[in-house]
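2 protein chains.
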Amino acid sequence: MSRPEIEFWFDFGSTYSYLSTMRIEHEASLRGLQLRWKPFMLGAVFKALGWHGSPFAAQTAKGRHMWKDMARQCAKFGLAWRQPSSFPRRAVLPHRVVLLAEKEPWVADFCRAVMERNFVHDQDIDGTEAVSATLTSLGLPAREIIKAAEAPWNKQRLREQTDDALERGIFGAPTFFVGDEMFWGNDRMDDAMDLAQSIVPPGSKPPPMKHGPCR
Amino acid sequence: MSRPEIEFWFDFGSTYSYLSTMRIEHEASLRGLQLRWKPFMLGAVFKALGWHGSPFAAQTAKGRHMWKDMARQCAKFGLAWRQPSSFPRRAVLPHRVVLLAEKEPWVADFCRAVMERNFVHDQDIDGTEAVSATLTSLGLPAREIIKAAEAPWNKQRLREQTDDALERGIFGAPTFFVGDEMFWGNDRMDDAMDLAQSIVPPGSKPPPMKHGPCR
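Chain order of the listed sequences is A and B.
For the first sequence, the residue numbers in this note's numbering are 864 to 1078.
For the second sequence, the residue numbers in this note's numbering are 864 to 1078.
If you want it as structure tokens, here you go:
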């Protein structure tokens, strides 16, 4: 039986995507939701919208507050946190790996490991060396996966997925989709999941009727 | 005995300030917090920061999503909602009235009434006619209050409070302060209140010691 779906659009360089990435697999599983990992290039979206990079970098007052907010949010969710010395970090190759591996059983582990490199260990996340170390730490065949991730057709998929993000109205990360309903920001993850849970997917059985003394 | 304080910085034109304004007096009262109403001119803050008006107006993708999010948030909090035909609405005189009346027993009622004019009844909120109608609906002496609100010293206070907002790092509304700790956005109201509740104000008695069989 098909489960209701939630799409998780994220960029490994995005602070608030870190909060969602660390929690979403567990939450989706608790709620019986099918999770779709949707990496995209947030910087390219900002550029296409005519914004000068991340609002957190372009707007200093907002950026200053974001770092305080992230420290508080991580404490609230029990997540480790170190403010990265480089922000936002580029993450082309990790995004390509996720696209390639979106249905592999290790995709969630990989996503969390990349995020922890960035926001806990303050290490670079892009490039062969960083991604190879991440994959190897998970016991995965790094060389083989990276070679496949860098195939022209897979590179093209990341460009297309970023174009899709723009077409669907995405302007930030994380963003969640439940059908055509868009929810922006880690603060809306629970609302998106509530909506997904309320939808009976096509082809599934309706909830059982209750028979009892009350009508 | 003094109660822990929470400062609520808001603009009557701001959508997310509507969500907080409708809930904050009740929540603060439940938690035993002293609430400080802090109106300021958000548009002047945006201008001083070099932003071209509200991000929701300047960034169309973000603005489009905001209207959907507001409808959903109002449904979630059980608040009435109509998307205003003019946004963001100017609110100089209502802000001056709040400054004048910040310690009056009717200040919360006035704030909610102004917000409902804007975001439920889609009516203008600035100017003598609108403010007079709002005050009269609450059984208050409109002419007298407006005259006092428009006194030069009170006009100057609104300018000074807006300058204070900038100096304290405010870049959006609503913003909450608990001591020097700043929280941005209706989504952080509960976190700000949690912090306020955890603080024992100076001059108050410490929580009673528990005596019992356990050490």
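For glycine and all other residues, C-beta sits at the position ideal for the given N, C-alpha and C.
> Cα-Cα, which of A/P968, A/R953, A/R945, A/F950 is closest to A/Q897?
Replying inline: Comparing Cα-Cα distances from A/Q897 to each of A/P968, A/R953, A/R945, A/F950, the minimum goes to A/P968.
>> What does DSSP give as the partner residue(s) for B/T1038 in the beta ladder?
In response: Partner(s): B/W872, B/W1047.
> Any contact of the segment 988-1001 of chain A with the segment 949-960 of chain A, i.e. 3+ C-beta pairs under 8 Å?
Replying inline: Contact between the segment 988-1001 of chain A and the segment 949-960 of chain A is present, because at least three Cβ pairs lie under 8 Å.
> Along the chain, where does the alpha helix (DSSP H) that runs through A/K925 open and close?
Replying inline: Element bounds for A/K925: 923-940.
> Is A/D969 helix, strand or coil by DSSP?
Replying inline: It should be pointed out that residue 969 of chain A corresponds to Trp in this sequence rather than to Asp. In this structure, A/W969 counts as coil in the three-state DSSP scheme.
>> Three Cβ pairs or more, each shorter than 8 Å: is that satisfied between the segment 907-926 of chain B and the segment 907-922 of chain A?
In response: Result yes; three or more Cβ-Cβ pairs closer than 8 Å.
> In whole angstroms, what is the alpha-carbon distance linking A/A891 and B/A1012?
Replying inline: The alpha-carbon separation between A/A891 and B/A1012 amounts to approximately 53 Å.
> By Cβ distance below 8 Å, which residues in the same chain neighbour A/A976 in space, the five residues on each side in sequence not counted?
Replying inline: Contacts found: T997, S1000, L1001.
>> For B/L963, list the residues DSSP reports as bridge partners.
In response: Under DSSP, no beta-bridge partner is assigned to B/L963.
> With which residues is A/P1004 paired in a DSSP beta bridge?
Replying inline: The partner list for A/P1004 (beta bridge, DSSP) is empty, contrary to what the question assumes.
> According to a CB-to-CB cut-off of less than 8 Å, which residues of the segment 1006-1034 of chain A neighbour chain B?
Replying inline: Listed in sequence order: G1032, I1033, F1034.
> Excluding five sequence neighbours on each side, which residues of the same chain lie with their C-beta closer than 7 Å to the C-beta of B/A1055?
Replying inline: Excluding positions up to five away in sequence, the list reads I869, F1039, V1041, F1046.
> Going along chain A, which residues have a C-beta under 8 Å from B/Q922?
Replying inline: Within 8 Å Cβ-Cβ: L912, W914, F1034.
>> So the candidates are B/K1010, B/S948, B/A907; which of them puts its Cα closest to the Cα of B/Q1024?
In response: Per the Cα distances, B/A907.
> CB B/P1037 to CB B/Y879, shorter than 8 Å?
Replying inline: For B/P1037 and B/Y879, yes; Cβs fall inside 8 Å.
> Along the chain, where does the beta strand (DSSP E) that runs through B/Q946 open and close?
Replying inline: Going by DSSP, B/Q946 is part of no beta strand (DSSP E) at all; its letter is neither H nor E.
> In the segment 935-953 of chain A, which residues sit with their C-beta less than 8 Å from some C-beta in chain B, listed in chain order?
Replying inline: Listed by position, the residues of the segment 935-953 of chain A near chain B (Cβ gap below 8 Å) are R935, K939.
>> Please list, in chain order, the chain A residues whose beta carbon lies closer than 8 Å to that of B/M1045.
In response: Within 8 Å Cβ-Cβ: H928, K931.
> Comparing alpha-carbon positions, which option in B/E965, B/D1057, B/I1009, B/D1050 lies nearest B/T881?
Replying inline: Position check: residue 881 of chain B holds Tyr in this sequence, whereas Thr was assumed. Nearest of B/E965, B/D1057, B/I1009, B/D1050 to B/Y881, Cα basis: B/D1050.
> Under the three-state reduction of DSSP, which class applies to B/W900: helix, strand or coil?
Replying inline: Residue state, collapsed to three classes: strand.
> When we look at the beta-carbon of B/P902 and count the other beta-carbons within 10 Å, is it buried (16 or more) or exposed?
Replying inline: Residue environment for B/P902: buried (at least 16 other C-beta atoms within 10 angstroms of its C-beta).
>> Do A/W872 and A/V961 count as a contact pair if the criterion is CB distance below 8 Å?
In response: No. Outside cutoff.
>> Is A/W872 close to chain B? Criterion is C-beta to C-beta, closer than 8 Å.
In response: Among the CB atoms of chain B, none fall inside 8 Å of the CB of A/W872.
> Between A/D874, A/D985, A/A971, which lies nearest to A/H889 when the distance is taken from Cα to Cα?
Replying inline: The option with the nearest alpha carbon to A/H889 is A/A971.
> Do we get a CB-CB distance below 8 Å when we pair A/I1062 with the residues of chain B?
Replying inline: For A/I1062, the answer is no, since every Cβ of chain B falls outside 8 Å of its Cβ.
> Between A/K901 and chain B, is there a C-beta pair that is closer than 8 Å?
Replying inline: No, no contact with chain B.
> What does a CB cutoff of less than 8 Å around B/C1077 pick up in its chain, not counting 5 residues either side in sequence?
Replying inline: Residue confidence for B/C1077 is low, a pLDDT of 44 falling below 50, so the modelled location carries little weight; the figure read from the coordinates is stated next. Cβ neighbours of B/C1077 within its own chain (closer than 8 Å, five residues either side excluded): none.
>> For B/E979, tell me which candidate among B/G895, B/A911, B/C937, B/M1052 has the shortest Cα-Cα distance.
In response: Minimum Cα-Cα distance from B/E979 among the listed residues B/G895, B/A911, B/C937, B/M1052 corresponds to B/C937.
>> Would B/D1050 pass as an interface residue toward chain A - the criterion being a Cβ-Cβ separation below 8 Å?
In response: For B/D1050, the answer is yes, since a Cβ of chain A falls inside 8 Å of its Cβ.
>> Less than 8 Å between CB atoms is the rule here; does B/P867 satisfy it with respect to chain A?
In response: No, its Cβ sits nowhere closer than 8 Å to a Cβ of chain A.
>> Using beta carbons (cut-off 8 Å, strictly below), is B/D1054 in contact with chain A?
In response: It does: the Cβ of B/D1054 has a partner Cβ on chain A nearer than 8 Å.
>> So with CB distances below 7 Å, who are the chain A contacts of B/K925?
In response: Near B/K925 (Cβ distances below 7 Å), the residues of chain A are F1034.
> How long is the line joining the alpha carbons of B/R927 and B/V1063, rounded to whole angstroms?
Replying inline: For B/R927 and B/V1063, the gap between their C-alpha atoms comes out near 42 Å.
> Do you know offhand how far A/F1034's Cα is from A/L905's?
Replying inline: Taking C-alpha positions only, A/F1034 is separated from A/L905 by approximately 8 Å.
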